[in-house]
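Per the numbering used here: the sequence shown = residues 2 to 462.
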Amino acid sequence: MAPGAPARAADVLAGQGRVLDALRSRGYALAKVDTPVALLDAQAQALDVSYKVETGPQVDLGPITVGGLDRVDPDFVRRRLLVQRGERFDPAKIEMARQDLASLGVFATVRARAAEQLDPAGQLPLEFDVTERKRRAVGFTAAYSTDLGASIGATFQHRNLFGSAEQLNLGAAITQLGGSASRGLGYNATASLLKPDWLRRNQSIQGNLQGVRESLDAYDRTAALAGVTVSRKFAELWTASLGVQVQQSLITQEREERSYTLAGLPLGLRYDSTGPEGLFEPTRGIKAGAIATPTQVLSGAGSTFTILQLSASTYVNLGEPGRSVLAVRGLVGSVQGATTFDLPPDQRFYAGGGGTVRGYRYQSIGPRFPSGRPVGGTSVTAATVEFRQRFGESFGAAVFVDAGQVDTSSTAFGGDLRAGAGVGARYYTPIGPIRLDVAVPLNKQRGDDAFQLYIGIGQAF
Numbered sequence: 002m003a004p005g006a007p008a009r010a011a012d013v014l015a016g017q018g019r020v021l022d023a024l025r026s027r028g029y030a031l032a033k034v035d036t037p038v039a040l041l042d043a044q045a046q047a048l049d050v051s052y053k054v055e056t057g058p059q060v061d062l063g064p065i066t067v068g069g070l071d072r073v074d075p076d077f078v079r080r081r082l083l084v085q086r087g088e089r090f091d092p093a094k095i096e097m098a099r100q101d102l103a104s105l106g107v108f109a110t111v112r113a114r115a116a117e118q119l120d121p122a123g124q125l126p127l128e129f130d131v132t133e134r135k136r137r138a139v140g141f142t143a144a145y146s147t148d149l150g151a152s153i154g155a156t157f158q159h160r161n162l163f164g165s166a167e168q169l170n171l172g173a174a175i176t177q178l179g180g181s182a183s184r185g186l187g188y189n190a191t192a193s194l195l196k197p198d199w200l201r202r203n204q205s206i207q208g209n210l211q212g213v214r215e216s217l218d219a220y221d222r223t224a225a226l227a228g229v230t231v232s233r234k235f236a237e238l239w240t241a242s243l244g245v246q247v248q249q250s251l252i253t254q255e256r257e258e259r260s261y262t263l264a265g266l267p268l269g270l271r272y273d274s275t276g277p278e279g280l281f282e283p284t285r286g287i288k289a290g291a292i293a294t295p296t297q298v299l300s301g302a303g304s305t306f307t308i309l310q311l312s313a314s315t316y317v318n319l320g321e322p323g324r325s326v327l328a329v330r331g332l333v334g335s336v337q338g339a340t341t342f343d344l345p346p347d348q349r350f351y352a353g354g355g356g357t358v359r360g361y362r363y364q365s366i367g368p369r370f371p372s373g374r375p376v377g378g379t380s381v382t383a384a385t386v387e388f389r390q391r392f393g394e395s396f397g398a399a400v401f402v403d404a405g406q407v408d409t410s411s412t413a414f415g416g417d418l419r420a421g422a423g424v425g426a427r428y429y430t431p432i433g434p435i436r437l438d439v440a441v442p443l444n445k446q447r448g449d450d451a452f453q454l455y456i457g458i459g460q461a462f
């Protein structure tokens, strides 16, 4: 409010809260602001408003306690706290500390409550009250697309394996149940163990194991993979990672079977401002990532190459937050140090399918063998523009255009550009939207299908 502004009752009443918030943000934790008194000056046609304020003293935080802990190590939680005794009372910092505890994944609720009076030392006690989630969870997964067919699977998660929010995740799925780009059943079995705050705060270490079988138009692959990745959050929205991974695979392409042993050192950088909802339903902000993976082929001639990938997506609200969203995605990739046929088939770039260009079969865009099967390439470019509109609480729709290209040159933006367009429906649930998209190719290649259908959980990106 300002002198001369329209006199609105809602603004006058809201001013009480704004004054109180301003005082608390300056350390006046016990400040009080009475209900405003408004006097009408009929002659001047003005409303004089006054607020009676008792600031109280600026206070520092006293003892900080955490209540409700059962199986989570109290020392681990105390080390995580972003506020310390003796600091000036700051509601914004306390809320940041609350959100940080909630992000660990072991608590169903986290509440922060400051005392209503000072302790004998003249400080203000603060309590975090938590409710622990169940340690174990079992889930089921399912998806369908006309190119890759159906997949069904089960997952198991232990959220607090050793008492310090260590997460064990196990998953197993049967894949490629039918599908125009599939030539037989596949499977995918995974195991991962995440240790947060490894050696220092905001640094985690994760170990991964995977066994996979794929039978696709491009190749048949049976592989075992293992890796360890260290990730560090070095700023509020930035995370860097460094890992080591090894892979043993048996791949058949165009009736030629070869065994590969690979070792890689992925180095990544990630930016994410989409907030907590960014996993399944991003409606604002930016996601961006860059990864470079120097790789050594330990079998055969022992070649060396580096895979470079840059991806980004942004989400813009065009109206009421979360109701009308414009989403844009881009991907650029290049392989340096090897030609297409020097690379194992599963290390090449492909485009087409739900993750890149909808309307085309999985991996179908780009160079092909005389048999018509995909070759893959050493560069890829893809982009998507999608508009999402929500109707009521449970329903939504989307329209989108995808485009992409793959080439045997290591320079991006080469190859024949293919585009697809489509529409989609969304049904919103507590775990994210159930998505159904239908897309058609706008410039078909020989042998392309008339349309593709995709069903899954969460937005396409």
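The beta-carbon is built from N, C-alpha and C at its ideal position, and this holds for glycine as well.
To the nearest angstrom, report how far apart Thr147 and Lys234 are at their CA atoms.
-> 39 Å
With distances taken Cα to Cα, identify the nearest neighbour of Leu217 among Thr142, Gln177, Ala289.
-> Gln177
Quick one: give me the first and last residue of the alpha helix (DSSP H) that Gln17 is part of.
-> 10-26
Report yes or no: do the stretch 400-408 and the stretch 374-391 share at least 3 C-beta pairs separated by less than 8 Å?
-> yes
According to DSSP, is Lys94 helix, strand or coil?
-> helix
Name the residue from Val111, Ala174, Glu117, Leu125 whose alpha carbon lies nearest to the alpha carbon of Phe141.
-> Ala174
Which of the three DSSP states, helix, strand or coil, is assigned to Glu128?
-> strand
Going by Cα to Cα distance, which pick from Ser411, Gln204, Thr36, Glu128 is closest to Ala339?
-> Ser411
Through-space distance from Lys135 to Val380, alpha-carbon basis | Per the sequence shown, the amino acid found at residue 380 is Ser instead of Val. Spanning the two alpha carbons is a distance of roughly 45 Å.
Exposed or buried, Ser335, counting other C-beta atoms within 10 Å across all chains shown (16 or more means buried)?
-> buried
Cβ-based burial, Tyr316 [other Cβ within 10 Å; buried from 16] | buried
Going by C-alpha distance, which of Asp22, Leu194, Leu319, Glu215 is nearest Thr56?
-> Asp22
Cβ shell of Val111 (< 7 Å), same chain only, five flanking positions each side left out | Arg99, Leu102, Ala103, Phe129, Val131
With 16 other Cβ atoms within 10 Å as the buried cut-off, status of Glu215 = buried
Quick one: measure Cβ to Cβ for Arg389 and Val326, integer angstroms, because I've assumed they're closer than 8 Å.
-> 5 Å
The stretch 64-72 / the stretch 33-40 touching (three or more Cβ pairs under 8 Å) = no
Buried or exposed: Ile432, going by 16 or more other Cβ atoms within 10 Å of its Cβ?
-> exposed
Neighbourhood of Gln254 by C-beta distance below 6 Å, restricted to the same chain and skipping five residues each side = Tyr220, Pro346
Measure the alpha-carbon distance for Asn189 versus Val213 and round it to whole angstroms.
-> 5 Å
Identify, in the order they occur along the chain, each residue of the same chain with its Cβ nearer than 6 Å to the Cβ of Ser312, setting aside the five sequence neighbours on each side.
-> Gly290, Leu332
Where Ser26 and Thr307 are concerned, what is the direct C-alpha to C-alpha distance, given to the nearest angstrom?
-> 50 Å
Could you pull out every residue in the same chain whose Cβ sits closer than 7 Å to the Cβ of Ser181, ignoring the five residues on either side in sequence?
-> Thr147, Asp148, Arg362, Asp450
Using only alpha-carbon positions, find the residue among Gln59, Thr409, Glu117, Ala155 that is nearest to Arg348.
-> With the sequence shown as reference, residue 348 is identified as Gln, and Arg is not the correct amino acid for it. The shortest C-alpha separation from Gln348 is found at Thr409.
Report the residue from Met97, Ala192, Leu70, Arg184 whose alpha carbon sits nearest the alpha carbon of Arg222.
-> Arg184
Anyone know if the C-beta pair for Arg391 and Gly323 falls short of 9 Å?
-> yes
Segments of 3+ residues assigned as beta strand (DSSP E) that fall wholly inside the stretch 269-315 = 286-298
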